[in-house]
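Numbering (the working numbering), first residue to last: 690 to 1333.
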Ligand SMILES: Cc1cc2nc3c(=O)[nH]c(=O)nc-3n(C[C@H](O)[C@H](O)[C@H](O)COP(=O)(O)OP(=O)(O)OC[C@H]3O[C@@H](n4cnc5c(N)ncnc54)[C@H](O)[C@@H]3O)c2cc1C
């Protein structure tokens, strides 16, 4: 099967405008005749549901939390990018496009990324109109700060809680439509399968997480806005509930999975303290605007710091190595995340790690406090500092933070074309759930931009084209495909409930996480990946033999919910390993040890790997089939990334 990304022809800057004109429209009276299912109420899902309902479509919206506003997007801290150039510092749509393509190590589509940069400016206007309280500078204009991989300030923010404020905006817009009767909201409802009829997505099967009722819902299109899958690593900065089930089940119904191995490891997280932890905490990239990353110059000093016989503030200036500033003077502490993470790891490998475990470097605010004063630093980052104090019982106003890379975001996801359609007609994927715009490494503050671009500004146009083509003929759940899919879901739930072994599903999750982090994490080798594949296959076999799932379906059953999600993570883990094995090059967050430059940077192989990997499910325990979407670069020149 050939993959058609449907990138419009013509000059880069005109593609989206031209495409919007070429797309078919549904007239206002006909919009009422279409039912749209939207799974997920994070920034992507809430913005899509509000926009489509506002247009007049009937929307059914689903989330597994008790309120749409508890979606994981609420956790986003640092900000959202937009090419407004309010700072007059040389930004433009083209520069945002260029930074994003380069940041993604030339593994994203030019057309998609340009559109993202183009609509970024509209997002800010939309959010301001909704009342999102972005930070402002003294003149009253919106303030900006910098994020990694750029030399301009284009990140809009609301202290360290930008995601929460943006989600409150989208959630308010969604609520308005719920109140108007255009959106029917289903909370505490987990989507477990997609229903297809004649190859088109026509609905979903869900489980009511309170009663266990298995229900079917029909619609003219299904939009998955179900977030990323970082929790395949067990420990990540994502919310505990974030999972891959919706995307994975859709994959098993025919939707291709794009670039599954592209994972982002964020450089500034609070280090792991032991096996008791179930989640990690991010210290936003925005902190690198003012915080300086360093490690001691010698192993001896590092040892004293680890033992606690020396405090960080006692280390003399000339005994500190501000390694990012030293190696990358042009971008300094604001190099992209993959670069910063690898360098922190290198310091630790050289024996210069700090903190009790030795798995940390410093993020120091002493200079910023001297320059700006503690009050200003508090005003900018206060809630992040508070979080750090609560978790570590250390005061970052007095001592530098200890930070270390942790899994944070997944650039991979369901393969979609320019219209955000998966290869299954009628099935769309938005936000972190799709693979689309970030290539092999996402730049900071670009996920919120992409989620809102997809939901507010792309899908309202592209979905109409599909709907106009299929027509408004009613779809309902009486079609036998609904009953058949529901039966599959019930059979699967019963299979999980029949697991009466001795090992909890959580333990399997932790084991999987260890394998993934060790062999498919920050550095990957052919040997390690092959080993990981065997380990995951053995883990899967063991899961279906020795796991224990307690309780029944007809009740609130966290054990059952978890079991389904972890079974999916195990399968996804194997595909990630296959993808990482296949990609014998390094790019962005995918670092194959065998493919590095003399300086230890990621070395791409453009001749053989400038493609999107889209994997097709072929049946249980069957190898998946790889489809390649060749990436075409007409505007940017492919070169070795250089931030020095
Ligand atoms: C700690 C942290 C800080 C971050 N800070 C930033 C930042 O400053 N800037 C930035 O750009 N990005 C940031 N990111 C990334 C960004 O927050 C996410 O990529 C983005 O919010 C994802 O939004 P989403 O709408 O795609 O998915 P989510 O917000 O994850 O929403 C997923 C939705 O899907 C629903 N769902 C999932 N599965 C099912 C199912 N099977 N059935 C029913 N419902 C389901 C959930 O209930 C939820 O409503 C951060 C990420 C983390 C972890």
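Ideal Cβ placement from N, Cα and C applies to all residues, glycine included.
The structure presented is a predicted model; accordingly, all values stated were derived computationally and were not measured.
- Closest in alpha carbon position to residue 969, among 759, 869, 1211 and 1093, is 1093.
- Distance from the Cα of residue 1261 is smallest, within the candidate group 918, 1206 and 1323, for 918.
- Around residue 1033, the same chain offers 956, 1050, 1093 and 1094 as residues with beta carbons nearer than 7 angstroms, after the five sequence neighbours per side are excluded.
- Beta-bridge partners of residue 981 (DSSP): 1053.
- Nearest to residue 1101 by C-alpha distance, out of 1229, 951, 1190 and 1075, is 951.
- A check of alpha carbon separations from residue 973 across 886, 835 and 983 identifies 835 as the nearest.
- Distances from the alpha-carbon of residue 953 to those of 941, 862, 792 and 1072 put 792 closest.
- Here residue 882 carries a strand assignment [DSSP, helix/strand/coil].
- Around the beta carbon of residue 988, a 10 Å sphere encloses fewer than 16 other beta carbons of the protein chains shown; the residue is thus reported as exposed.
- Your pair residue 694 and residue 798 checks out as a contact, with CB atoms roughly 6 angstroms apart and the cut at 8 angstroms.
- About 5 angstroms separates the beta carbon of residue 1054 from that of residue 980, a gap short enough to meet the 8 angstroms contact definition.
- Excluding the 5 residues flanking it on each side, residue 929 has same chain C-beta neighbours closer than 7 angstroms at 967 and 968, in chain order.
- Here residue 989 carries a helix assignment [DSSP, helix/strand/coil].
- In the DSSP assignment, no residue is bridged to residue 802.
- Residue range 910-913 is occupied by the beta strand (DSSP E) that includes residue 912, with no alpha helix (DSSP H) assigned at that position.
- When only Cα atoms are considered, residue 1280 and residue 1167 end up about 49 angstroms apart.
- If you check the C-beta of residue 769 against ligand 1, you find a heavy atom less than 8 angstroms away.
- Here the C-alpha atom of residue 760 lies approximately 22 angstroms from the C-alpha atom of residue 1195.
- Around residue 728, the same chain offers 751, 880, 913, 915 and 935 as residues with beta carbons nearer than 6 angstroms, after the five sequence neighbours per side are excluded.
- DSSP places residue 1318 outside any alpha helix (DSSP H); the residue lies instead in the beta strand (DSSP E), whose first and last residues are 1314-1319.
- Distance from the CA of residue 1273 to the CA of residue 1080, rounded to the nearest whole angstrom, comes to 39 angstroms.
- Membership of residue 851 in the alpha helix (DSSP H) is indicated by the continuous run 851-868.
- The beta carbon of residue 819 sits closer than 7 angstroms to those of 858, 861 and 862, all from its chain and outside the five residues before and after it, given in chain order.
- Exposed is the label assigned to residue 1322, since fewer than 16 other Cβ atoms lie within 10 Å of its Cβ.
- Between the segment 1310-1330 and the segment 1290-1297, the count of C-beta pairs closer than 8 angstroms reaches three or more; the two stretches touch.
- In this structure, 985 is the residue among 1010, 1024, 985 and 1076 with its C-alpha nearest to the C-alpha of residue 1044.
- Distance from the CA atom of residue 874 to the CA atom of residue 749, rounded to whole angstroms, is 6 angstroms.
- Nearest in C-alpha terms to residue 876, of all of 888, 897 and 883, is 897.
- Secondary structure of residue 1192 (DSSP, three-state): strand.
- Residue range 732-744 is occupied by the alpha helix (DSSP H) that includes residue 740.
- A direct Cα-Cα distance of roughly 8 angstroms separates residue 871 from residue 743.
- Relative to residue 1203, the option among 1046, 963 and 809 whose CA is nearest is 963.
- Between residue 1228 and residue 1208, the C-beta spacing is not below 9 angstroms.
- Restricting attention to 1134, 814, 800 and 832, the CA atom closest to the CA of residue 778 is found in 832.
- In the DSSP assignment, residue 1205 forms no beta bridge with any residue.
- Looking at the backbone, the Cα of residue 768 and that of residue 827 are separated by about 19 angstroms.
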